[in-house]
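Participant: Going by our numbering, the first residue of the sequence shown is number 49, and it counts up by one from there.
For each residue, glycine too, the CB sits at the ideal point set by N, CA and C.
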Amino acid sequence: MSVSNNTTKGPRGGQRFLSSLLVLIAFHLFTLEASAQNQPSGSSFTARLVNIEAPVNETFRYQATLRNDADAPQLYELGSEIPEGWRLAFKAMGSQLTSIKLEPGKTESINIELRPAYGAKPSKYNIPIYAVSEKDSLELHLEAVVEGAYELELTTPSGRLSDEIIEGEKREIHLKVKNTGSLPLTELSLSSNTPPKWDVTFSPAEIKQLDPGKSTDVVATLNVPDKTLAGDYVSKFTAKNAASTSTVTYRMTVKTSLLSGGIGVLVILVSIGFVFYLIRKFGRR
């Protein structure tokens with residue numbers, strides 16, 4: 049009886065084993081197929097420089113490279129997570145864009161321009177950049193190190209930007225140079241743009257360093273030549289260094305001196321008297 053039972057169960061056990069083996073093979077093939085579908089395509093999103101330092105009033109510019117190594121064309125949507133008030137732009141082939149299509153095996157250079165918010169505090173900011181398609185989800189991590197701002201203001205202590213002067217005289221114009229930024233300003237120089245033959249000297253003519261929030265006084269001595277016609281004249285004074293520039297326009301009203309006016313009146317009277325003399329002398333004939 050025991051022999052008979054073993055022979056009847058043998059074929060059924062083999063069938064069950066074969067069925068289990070087939071199910072296992074099918075499950076393994078399904079797992080391999082799903083794994084192949086979810087496997088990364090090998091596409092990449094990289095940048096030559098990922099860390100850039102610059103003042104807050106400048107644009108951070110990164111050069112990135114996007115490559116499609118998938119076996120089909122991919123439409124990549126470009127995006128980012130930036131701090132509030134910041135601005136970001138993607139540019140390629142001379143145009144601004146928000147998405148780009150790449151053929152299999154193709155590479156495209158993408159310029160990323162990042163503009164910090166006005167008044168952003170000096171710090172290091174992490175900026176994630178995304179390129180997402182149906183098959184790829186690529187991420188690039190950039191760093192923007194905000195150093196602060198170079199800002200310069202040239203004005204007068206009273207805010208007045210006009211005056212009067214007699215031709216042939218000199219006038220001292222008091223100016224104030226202010227560092228309104230968050231970074232020190234070094235090697236500042238003063239210059240002028242005046243009407244022809246006018247002359248300006250500055251004291252001091254150079255400022256070695258001006259710390260944030262500080263100001264210094266400068267005296268501009270303006271020399272107006274003799275015989276300058278009466279009227280309004282404009283001069284421009286400039287303070288600058290390699291990082292910042294500020295220009296102020298100053299209007300000067302030139303008046304004729306009393307001596308010059310007296311001489312002019314005397315010449316007119318003499319001319320009238322001479323004409324009257326000629327009329328009396330030659331008029332009798």
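Can you tell me whether Q85 is buried or exposed? The criterion is at least 16 other CB atoms within 10 Å of its CB, across all chains shown.
Facilitator: Below a pLDDT of 50, predicted positions are generally treated as unreliable, and Q85, at 41, falls in that range; the measurement from the model is reported next regardless. The residue in question, Q85, is exposed, as its Cβ has fewer than 16 Cβ neighbours within 10 Å.
Participant: How many angstroms separate the CA atom of E235 from the CA atom of N289?
Facilitator: So the two alpha carbons sit approximately 6 Å from each other.
Participant: Which term fits S327, buried or exposed, when burial requires 16 or more other beta carbons within 10 angstroms of its beta carbon?
Facilitator: Per the sequence presented here, residue 327 reads as Ile, with Ser not at that position. Flag for I327 reads exposed.
Participant: T204 and K224 - do their beta-carbons sit closer together than 8 Å?
Facilitator: Against a cut-off of 8 Å, the Cβ pair of T204 and K224 comes out as a contact.
Participant: So what's Q87 in DSSP terms, helix, strand or just coil?
Facilitator: In this predicted model, Q87 has a pLDDT of only 44, less than 50, meaning its place in the structure is not dependable enough to derive any value.
Participant: Distance, Cα to Cα, E254 vs L202?
Facilitator: Computed Cα separation, rounded: 14 Å.
Participant: Return helix, strand or coil for I130, following the three-state DSSP convention.
Facilitator: Reduced to three states, the DSSP call for I130 is coil.
Participant: Alpha carbon to alpha carbon, what distance is there between G216 and N241?
Facilitator: Going from the Cα of N241 to the Cα of G216 covers about 19 Å.
Participant: Using the Cβ count rule (16 or more neighbours within 10 Å means buried), how would you classify E132?
Facilitator: E132 should be labelled exposed.
Participant: Would you mind giving the Cβ-Cβ distance between S402 and L123, rounded to the nearest angstrom? I have them listed as a contact below 8 Å.
Facilitator: Past the boundaries of the shown model lies residue 402; the chain is included only from 49 to 333, so the question cannot be answered.
Participant: Could you work out which residue in G229, H189, G167 and L114 is closest to I175 when comparing CA atoms only?
Facilitator: The shortest C-alpha separation from I175 is found at H189.
Participant: Which residue marks the beginning of the beta strand (DSSP E) containing N174, and which one marks its end?
Facilitator: Here the beta strand (DSSP E) through N174 covers S171 to V180.
Participant: Starting from the Cα of V98, find the closest Cα among T286, A140 and Y173 and give me that residue.
Facilitator: Looking at the Cα atoms, Y173 is the closest of the given residues.
Participant: Between the Cα of I221 and those of A118, T249 and R135, spot the shortest distance and give me the residue it belongs to.
Facilitator: Closest by alpha carbon: T249.
Participant: Closest to K275 by CA distance: which of S157, P260 and W246 is it?
Facilitator: The option with the nearest alpha carbon to K275 is W246.
Participant: Please go through the same chain and pick out, in chain order, the residues whose beta-carbon is closer than 6 Å to the beta-carbon of S210, but skip the five residues on each side of it.
Facilitator: These residues qualify, in order along the chain: R299.
Participant: Give the DSSP-derived three-state secondary structure of S237 in the structure shown.
Facilitator: Of the three classes helix, strand and coil, the one that applies to S237 here is strand, per DSSP.
Participant: T55 by DSSP, collapsed to three states: which one?
Facilitator: Low local confidence applies: a pLDDT of 43 at T55 is under 50, so the model's placement there is unreliable, with the coordinate-based value given in what follows. Three-state result, T55: helix.
Participant: Taking the C-alpha atoms as reference points, what is the distance between S83 and Y178?
Facilitator: Per-residue confidence for S83 stands at a pLDDT of 39, beneath the threshold of 50, marking its modelled position as unreliable; no derived number is given.
Participant: Rounded to whole angstroms, what's the CA-CA distance from R219 to T301? Just pull it up for me.
Facilitator: Each residue's Cα considered, the two are about 12 Å apart.
Participant: Just to confirm the assignment, what range does the beta strand (DSSP E) spanning D259 have?
Facilitator: Per DSSP, D259 belongs to no beta strand (DSSP E) and is neither H nor E.
Participant: To the nearest angstrom, how far is the alpha carbon of E195 from that of T107?
Facilitator: Spanning the two alpha carbons is a distance of roughly 12 Å.
Participant: Using the C-alpha atoms, what's the distance from F138 back to T94?
Facilitator: Taking the straight line from one Cα to the other gives about 14 Å.
Participant: Rounded to whole angstroms, how far is the Cβ of P232 from the Cβ of P252, which I believe are closer than 8 Å?
Facilitator: Not quite, the Cβ-Cβ distance comes to about 17 Å (not below 8 Å), so this is no contact.
Participant: Per DSSP, what are the beta-bridge partners of S147 in this structure?
Facilitator: Paired residue(s): E125.
Participant: Based on Cα-Cα distance, which residue from Y281, W134 and L186 lies nearest to Y166?
Facilitator: Considering only alpha carbons, the answer is W134.
Participant: Short of 8 Å in beta carbon distance, which residues of its chain neighbour L186, apart from the five on each side in sequence? Order them along the chain.
Facilitator: These residues qualify, in order along the chain: S91, S92, F93, L114, Y124, Y178, A179 and V180.
Participant: Looking only at DSSP bridge pairs, what is I214 linked to?
Facilitator: Answer is K303, bridged to I214.
Participant: Return the chain-ordered list of same chain residues with a C-beta closer than 7 Å to the C-beta of T297, the five sequence neighbours on each side being excluded.
Facilitator: For T297, where only same-chain residues beyond five positions count, the Cβ hits under 7 Å are L209, V282 and K284.
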